[in-house]
């Protein structure tokens, strides 16, 4: 076993504290990654605090992981020692179901194996990226081009692929009008991708203070969503709206903005069921959909696209002693736009 | 003006009573149809009783209309006197918006003009099919092949196209697993179409008494939806589920049955918003969609398909003196599977 250290929560109400544990010895297909940076995703907080139920403690959160390869198994072909590498939200799946065969491992019918707050196939508890090292099968490890700022790449492994995948699936691009709801960790990546793909992008935000930022990040228009008249001006006009808000909110307002065969895709994850009006759906044959990260091939495609188009996350780099503060600020949406932990600051 | 008589409601709580009114004189593109049969749609009752709000009285309901052409305008090309003809849920639209140009007039951005409980472009109140005659623009009038039982064709104009259109849009057919929720007026047509298109069809019903009927109508499997275990056996397996239930019910149960990129399409119209779990949607990248009747070209295509494959509705033919009884039985779902009024019984 490989000794590892990181920051863990021991129950739903305690703060993150230093924690020593072990990683498995690398098998022939495994890559050992020394973690340089780890992003803080809102879902880390939901799980640390058991807000979705079923949390496994102790828990080292973190699934936006970047670093450098320190060892590779004998059958690893895509990595060598010293390479940059990334790990995202999942680290394994059944590999045999139709979805896995289609490289949509995130939808594995047996359930994908999460990077943390889950167990590997042998029943061992898996720990995440707020730590110094991780061992992951090559299929779930991604190459990262040298031209990108490594710390700012970390959030691409969750916030990036979570927004890239539905934009590609529903064909955001030239000639399409695309909305982004919420300008946070997910939203600012959705905005960057939609803009990069050539769509006409409208950013919806509750906060007037974010208008200038949204335009800088690529929005063609910004609508303050509390202004019902401003929202209503866009009725029936969107091909796709990607909804990045994880708090309960009114979906029918956004459904009403979709044109014929338009889709409102949820990527934020409100914990409670949201009321949907059937009349909103039958008008214009609208769809309300959801999307969850992306498969391994698409995640690599996304990272390669980002390298080619010089896209990274906007981040606030923090030291480990600011974890508690960062969690509180994420809950208050007070971050532009993603916290990334510099793991070198761990004692 | 052309004198007409029919049955109307004068407010939300009164029964249908005989009513005399006038139809417009036919313009050059109009077809005058002597109504032989008129289906009773659950939405007739919702509107007669103002359950959706905004009802216009007096109201002659009915939008599943079949009969014979008695006169045609000078520019009419598809009909001559004596031809069978059908009229459905709409009788006009703006004709100029993108959706109308795409022959998706039901999604006209200006709002399609309904057959009744609405007004024509001159502001005149329009009246529906529980009457002896109707005057409709040729574009919204459909030809009906001679081989089909005319009374049993009436429900195709709403229940038929409402289920045919989403089955075509989401490509129900060979190699696809398709669910139908509810075995009523809409559901039994959804079942017939899905079976005819070659899909593997699973009928969901709350009523064990309908199992035999469902199999006779083409279901490969029938699941009693109160049996949670029987439902759960189909988890993650459907490409498409067409939900024909107009009462509030649990959508998340059916969402959980969809495979990767599957769609749950609502064609029933519960009056209240229904709670939808975001987790149900992001798993398998599912969509919850809605669909409303079909465009004029697709409605004609559906009628031609029915003629070719000898598909009609299962009906109970009634005389006008049984209207009140029929309404009560529709509300109780006590009809196999659509009431059709024989308008020749009107005094």
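Residue numbers (my numbering), protein chains in the order written: chain A, 1 to 347; chain B, 1001 to 1347. Note that the Cβ used here is the ideal one computed from N, Cα and C, for glycine as well.
DSSP state of residue 69(A) mapped onto helix, strand, coil
Numbered from 1 along the first chain, position 69 holds the residue referred to as residue 69(A). Residue 69(A): strand per DSSP, three-state reduction.
What are the complete beta strand (DSSP E) segments, minimum 3 residues, inside the region 1301-1343 of chain B?
Whole beta strand (DSSP E) segments, 3+ residues: 1316-1318, 1339-1342.
Top-ranked residue by Cα proximity to residue 1024(B), from 1122(B), 1221(B), 1285(B), 1090(B):
In the second chain, counting from the first residue as 1, residue 1024(B) sits at position 24. Out of 1122(B), 1221(B), 1285(B), 1090(B), 1122(B) has the C-alpha closest to the C-alpha of residue 1024(B).
Among 1003(B), 1162(B), 1124(B), the one whose alpha carbon lies nearest that of residue 1298(B):
For the purposes of this step, residue 1298(B) is taken as the residue at position 298 of the second chain. Ranking the options by Cα distance to residue 1298(B), first place goes to 1162(B).
With three or more beta-carbon pairs closer than 8 Å as the criterion, would you say the region 328-341 of chain A touches the region 32-42 of chain A?
In short, these stretches touch, since the Cβ pair count reaches three.
Grab me the residues of residue 76(A)'s own chain with a C-beta within less than 8 Å of its C-beta, minus the 5 sequence neighbours each way, in chain order.
Locating residue 76(A) in the first chain gives position 76, counting from the first residue. 28, 29, 30, 31, 138, listed in sequence order.
Taking all protein chains shown into account, do 16 or more other C-beta atoms lie within 10 angstroms of the C-beta of residue 82(A), making it buried, or fewer, making it exposed?
Translated into positions along the first chain, residue 82(A) becomes position 82. Exposed is the call here.
If you follow the alpha helix (DSSP H) that residue 1(A) is in, where does it begin and where does it stop?
What you label residue 1(A) is simply residue 1 of the first chain in a count that begins at 1. Note, residue 1(A): premise wrong, no alpha helix (DSSP H); not H, not E.
What's the call for residue 159(A), buried or exposed, on a 16-neighbour Cβ count within 10 Å?
Within the first chain, the letter at position 159 stands for residue 159(A). By the neighbour-count definition (other C-beta atoms within 10 Å, threshold 16), residue 159(A) is a buried residue.
To the nearest angstrom, how far is it from the Cα of residue 229(A) to the Cα of residue 223(A)?
As a position in the first chain, residue 229(A) is number 229, starting the count at 1. As a position in the first chain, residue 223(A) is number 223, starting the count at 1. The alpha-carbon atoms of residue 229(A) and residue 223(A) are separated by roughly 10 Å.
Select from the region 280-297 of chain A all residues with a C-beta closer than 8 Å to any C-beta belonging to chain B, and list them in chain order.
Per Cβ criterion, the list reads 280, 281, 282, 283, 284, 285, 286, 287, 288, 289, 290, 291, 292.
Output yes if chain B places a C-beta closer than 7 Å to the C-beta of residue 349(A); else output no.
Since the first and last residues shown for chain A are 1 and 347, residue 349(A) lies out of range.
6 Å Cβ shell around residue 1176(B) - same chain, five flanking residues per side excluded:
Position 176 of the second chain, counted from the start, is the residue given in the question as residue 1176(B). Hits under 6 Å: 1199, 1239.
Cβ neighbour criterion (16 or more within 10 Å) applied to residue 310(A)
Mapped onto the first chain, residue 310(A) falls at position 310. Exposed.
Between the C-alpha atoms of residue 1327(B) and residue 1320(B), what's the straight-line distance to the nearest angstrom?
Working through the second chain from its first residue, we reach residue 1327(B) at position 327. Working through the second chain from its first residue, we reach residue 1320(B) at position 320. Using only the alpha carbons, I get a separation of about 12 Å.
State buried or exposed for residue 1226(B), treating a residue as buried only when at least 16 other CB atoms are found within 10 Å of its CB.
Residue mapping note: residue 1226(B) aligns to position 226 of the second chain, counting from 1. Residue burial annotation: residue 1226(B) is exposed, with fewer than 16 other C-beta atoms found within 10 angstroms of its C-beta.
Residues of the region 1099-1115 of chain B whose Cβ lies closer than 8 Å to any Cβ of chain A, in chain order
Residues of the region 1099-1115 of chain B with a C-beta less than 8 Å from any C-beta of chain A: 1099, 1102, 1104, 1107, 1109, listed in chain order.
Nearest CA to the CA of residue 1036(B): which residue from 1260(B), 1155(B), 1117(B), 1220(B)?
Counting from one through the second chain, the residue named residue 1036(B) turns up at place 36. For the residues 1260(B), 1155(B), 1117(B), 1220(B), the minimum Cα distance to residue 1036(B) belongs to 1155(B).
As a quick exercise: from 316(A), 134(A), 144(A), pick the residue whose alpha carbon is nearest that of residue 304(A).
By 1-based counting over the first chain, the position of residue 304(A) is 304. Nearest option by C-alpha distance: 144(A).
Local conformation of residue 1078(B) per DSSP, three classes:
Residue mapping note: residue 1078(B) aligns to position 78 of the second chain, counting from 1. It is coil, neither helix nor strand.
If you draw a straight line from the alpha carbon of residue 1069(B) to that of residue 1091(B), how long is it in whole angstroms?
Translated into the one-based positions of the second chain, residue 1069(B) becomes position 69. Translated into the one-based positions of the second chain, residue 1091(B) becomes position 91. Rounded to whole angstroms, residue 1069(B) to residue 1091(B) spans 16 Å at the Cα level.
Check whether chain A comes within 7 Å of residue 1061(B), counting only Cβ atoms and requiring the distance to be less than that.
Working through the second chain from its first residue, we reach residue 1061(B) at position 61. Nearest CB-CB separation between residue 1061(B) and chain A: not below the 7 Å threshold.
Is it true that the region 1124-1140 of chain B meets the region 1193-1213 of chain B, where meeting means three or more beta-carbon pairs spaced less than 8 Å apart?
At 8 Å Cβ cutoff, the stretches do not touch.
In the region 1232-1250 of chain B, which residues sit with their C-beta less than 7 Å from some C-beta in chain A, listed in chain order?
Under the 7 Å Cβ criterion, the region 1232-1250 of chain B contributes 1236.
As a quick exercise: from 60(A), 293(A), 44(A), pick the residue whose alpha carbon is nearest that of residue 20(A).
If you number the first chain from 1, residue 20(A) lands on position 20. For residue 20(A), the nearest C-alpha among the options comes from 60(A).
Tell me the rounded alpha-carbon separation between residue 130(A) and residue 195(A).
Here residue 130(A) refers to the residue found at position 130 of the first chain. Here residue 195(A) refers to the residue found at position 195 of the first chain. Rounded to the nearest whole angstrom, the C-alpha separation of residue 130(A) and residue 195(A) is 31 Å.
Members of the region 1251-1262 of chain B that neighbour chain A once the beta carbon cut-off is set at 9 Å:
Per Cβ criterion, the list reads 1251, 1252, 1259, 1260, 1261.
What did DSSP end up calling residue 1256(B) once you bin it into helix, strand or coil?
For this step, residue 1256(B) is matched to residue 256 along the second chain. When secondary structure is reduced to three states using DSSP, residue 1256(B) falls in the coil class, being assigned neither helix nor strand.
What is the DSSP secondary structure of residue 291(A), reduced to helix, strand or coil?
Against the first chain, residue 291(A) aligns to sequence position 291. Note: residue 291(A) maps to coil in three-state DSSP.
Output the boundary residues of the alpha helix (DSSP H) element that contains residue 19(A).
If you number the first chain from 1, residue 19(A) lands on position 19. Run containing residue 19(A): none in the alpha helix (DSSP H); it sits in the beta strand (DSSP E), 17-23.
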